[in-house]
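Trainee: Here the sequence shown is numbered in numbering that gives the first Met the number 0, starting from 0 and rising by one per residue. The C-beta atom is built at its ideal place from N, Cα and C for all residues, glycine as well. Below is a structure I'd like to ask you about.
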Amino acid sequence: MAVGIFDSGLGGLTVYRAASAALPDVPFVYYGDNAHTPYGVRDDDDIYALTIAGVTRLFEAGCDLAILACNTASAAALRRMQENWVPRDKRVLGVFVPMIEALTERHWGDNSPPREVAVKHVALFATPATVRSRAFQRELAFRAIGVDVEAQACGGVVDAIEDGDMILAEALVRSHVDALKRKMPDPEAAVLGCTHYPMMQEVFQDALGSDVTVYSQPDLVAASLSDYLSRHPNMVGSGEERMFLTTGDARRVSDQATRFLRRKIDFVAA
Ligand code: DGL
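As structure tokens, this is what we get:
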């Protein structure tokens, strides 16, 4: 009974941590495509091919359900995968919708027409590919009207986190927040639209100021996954082993992951 979690690298571990705390009995299989990270600077065809390779490996590991714990893959590849590729008995879900439902005060399955919501000015921080896709704005427009979104492509942050260079990551986050604030001086809410960014959440919050509500995905995705599995218990696949798979250097990735999660994590070659 395994559920797959896919990311281009270490960022999906923020989702893994929240999901495994919410669902301690579910063996999660994590796949980090560390050899090809970052995805945020790749083109859509490339992201599509790499995401399919990773999700295929998760299906082979006994998962029937894979979570794309990667906004870039969710934005650039998910819809195309669902339309053309996902086998009939499998499911692939992304990470955008739970966050947008929280922002627009909706519950799962509420398909009522878009309506006015409390927040009017939203800052989106994401990778260049996610910003370019406008997937966030598209999903938001299905649910809300009158929300002004200013997106900031945060070049370099994922690379710095993957390299374990948190000093550089912090400097980059502060400069991206400054750039955003030049375009939108007073956002009410900020969305961390990349699963790597929760590792820098305190820096985002500090740079934005305490009056800005920062939405970060891990807990929202974990709650949505618990809800999904309670409605679709058959989607927990046949695999029984927890695993951390990487396309990168397993030893190096294990060290980084152990540092991030503050507990021993052993990655093996995917
Ligand atoms: N953590 C990913 C995301 O949520 C991927 C970032 C990247 O590889 O550029 O977008």
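(1) Pair every Cβ in the region 110-130 with every Cβ in the region 38-48, then say whether three or more of these pairs are closer than 8 Å.
(2) Assess contact between the region 100-115 and the region 57-72, defined as three or more Cβ pairs (one per stretch) separated by less than 8 Å. Is contact present?
(3) Please go through the same chain and pick out, in chain order, the residues whose beta-carbon is closer than 6 Å to the beta-carbon of residue 187, but skip the five residues on each side of it.
(4) Since residue 6 sits in a beta bridge, which residues does DSSP pair it with?
(5) Between residue 211 and chain C, is the shortest Cβ-Cβ distance under 8 Å, so that the two count as touching?
(6) Check each candidate in 252, 194, 21 and name the one with the smallest Cα separation from residue 268.
(7) Do residue 57 and residue 5 count as a contact pair if the criterion is CB distance below 8 Å?
(8) So, with DSSP's three-state summary, where would you put residue 240?
(9) Would you say residue 33 touches the ligand DGL, meaning its beta carbon is less than 7 Å from a heavy atom?
(10) When the distance is taken between beta carbons, is residue 168 closer than 8 Å to residue 199?
(11) If I'm right that residue 306 touches residue 135 with Cβ under 8 Å, what's the distance once you round it to whole angstroms?
(12) In this structure, does DSSP put residue 201 in helix, strand or coil?
(13) Taking 5 Å as the limit, name every residue whose beta carbon sits nearer than that to some heavy atom of the ligand DGL, in sequence order.
(14) Tell me the rounded alpha-carbon separation between residue 53 and residue 65.
(15) With DSSP run on the structure shown, which of helix, strand or coil describes residue 196?
(16) Run the CB neighbour count on residue 147, radius 10 Å, all protein chains shown included, and call it buried at 16 or more, exposed below.
(17) For the beta strand (DSSP E) holding residue 282, just list the boundary residues, first then last.
(18) Alpha carbons only, please: which of 1, 98, 46 is nearest the one belonging to residue 223?
(19) By DSSP, does residue 131 sit in helix, in strand, or in coil?
(20) According to DSSP, residue 120 sits in a beta bridge with which residue or residues?
(21) If you draw a straight line from the C-alpha of residue 139 to the C-alpha of residue 23, how long is it?
(22) Is the region 243-252 in contact with the region 23-32, if contact means three or more CB pairs nearer than 8 Å?
(23) Tell me which residue opens and which closes the alpha helix (DSSP H) that residue 251 is part of.
Mentor: This is what the structure holds:
(1) yes
(2) no
(3) The count along the sequence shown starts at 1 and reaches residue 187 at position 188. The residues are 118, 120.
(4) For this step, residue 6 is matched to residue 7 along the sequence shown. Residue 6 pairs with 31.
(5) Absent from the structure is chain C; it holds one protein chain and no more.
(6) One-based indexing of the sequence shown puts residue 268 at position 269. The shortest Cα separation from residue 268 among 252, 194, 21 belongs to 252.
(7) Within the sequence shown, residue 5 is the residue found at index 6, counting from 1. Within the sequence shown, residue 57 is the residue found at index 58, counting from 1. Yes, these two residues count as a Cβ contact at 8 Å.
(8) For the purposes of this step, residue 240 is identified with residue 241 of the sequence shown, where counting begins at 1. Three-state result, residue 240: coil.
(9) Against the sequence shown, residue 33 aligns to sequence position 34. No, the Cβ of residue 33 stays beyond 7 Å of every heavy atom of the ligand DGL.
(10) The sequence position of residue 199 within the sequence shown is 200, counting from 1. The sequence position of residue 168 within the sequence shown is 169, counting from 1. Yes, these two residues count as a Cβ contact at 8 Å.
(11) Shown here, the chain extends from 0 to 269; a query on residue 306 therefore has no answer.
(12) Indexing the sequence shown from 1 puts residue 201 at position 202. Looking at residue 201 - three-state DSSP - the assignment turns out to be helix.
(13) 7, 10, 36, 37, 38, 39, 69, 70, 71, 126, 157, 193, 194, 195
(14) Here residue 53 corresponds to residue number 54 of the sequence shown, with the count starting at 1. Here residue 65 corresponds to residue number 66 of the sequence shown, with the count starting at 1. So the two alpha carbons sit approximately 10 Å from each other.
(15) Position 197 of the sequence shown holds residue 196. It is helical.
(16) Taking the first residue of the sequence shown as 1, we reach residue 147 at position 148. Residue 147 is exposed by the Cβ-count criterion.
(17) Residue numbering for the chain in the displayed model covers 0 to 269; residue 282 lies beyond these limits and cannot be assessed.
(18) To locate residue 223, count along the sequence shown from 1; it is residue 224. For the residues 1, 98, 46, the minimum Cα distance to residue 223 belongs to 98.
(19) The sequence position of residue 131 within the sequence shown is 132, counting from 1. Three-state DSSP puts residue 131 in a helix.
(20) Counted from its first residue, the sequence shown places residue 120 at position 121. Note: residue 120 sits in a beta bridge opposite 147.
(21) Sequence index remark: in the sequence shown, residue 139 carries index 140 (1-based). Sequence index remark: in the sequence shown, residue 23 carries index 24 (1-based). Roughly 31 Å separates the two Cα atoms.
(22) yes
(23) Sequence index remark: in the sequence shown, residue 251 carries index 252 (1-based). First-last of the alpha helix (DSSP H) with residue 251: 249-260.
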